[in-house]
Ligand code: SF4
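Numbering (the working numbering), first residue to last: 287 to 397.
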């Protein structure tokens with residue numbers, strides 16, 4: 287079964303200022319120019335949005351995270367996903383659980 291490429295989309299409902307796609311040739315605002323360099327633009331979008339937690343989904347997430355590690359705009363992407371509170375998918379090299387962990391308040395030491 288073939289997989290469409292270049293359509294790593296942002297989930298509906300996520301705050302997205304101009305377009306629902308990563309790295310497409312749409313007119314982005316200046317602060318969104320980083321999307322034009324997104325490495326995922328040529329990758330299977332399903333890898334970035336694995337469904338479930340089984341071995342196949344884990345493998346997809348690993349592939350997506352590998353792409354992110356090579357992406358020149360990983361930091362911008364992660365910052366965007368955190369600011370937009372995106373709840374599904376791999377962005378900036380982290381899945382939703384990893385991003386949620388970053389947002390959690392850290393326990394204070396001592397007591
Ligand atoms: S960091 Fe990952 S999800 Fe974000 S633009 Fe790059 S390849 Fe796409």
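A virtual CB, placed ideally from N, CA and C, is assigned to each residue, including glycine.
Heavy atom of the ligand SF4 within 6 angstroms of residue i beta-carbon
| i | result |
| --- | --- |
| residue 377 | yes |
| residue 325 | yes |
| residue 348 | no |
| residue 353 | yes |
Residue of the options minimising C-alpha distance to residue i
| i | options | result |
| --- | --- | --- |
| residue 346 | 360, 357, 361, 330 | 330 |
| residue 323 | 383, 340, 365, 357 | 357 |
| residue 344 | 375, 393, 395, 392 | 375 |
| residue 383 | 327, 354, 368, 342 | 368 |
| residue 326 | 379, 342, 366 | 379 |
Cβ-heavy atom distance, residue i to the ligand SAH, below 6 angstroms
| i | result |
| --- | --- |
| residue 360 | Here the bound small molecules are the ligand SF4; the ligand SAH is not part of this structure. |
Identified DSSP bridge partners for residue i
| i | result |
| --- | --- |
| residue 380 | 377 |
request  = Could you tell me whether the segment 330 to 345 touches the segment 386 to 395, where touching means 3 or more Cβ pairs closer than 8 angstroms?
outcome  = no
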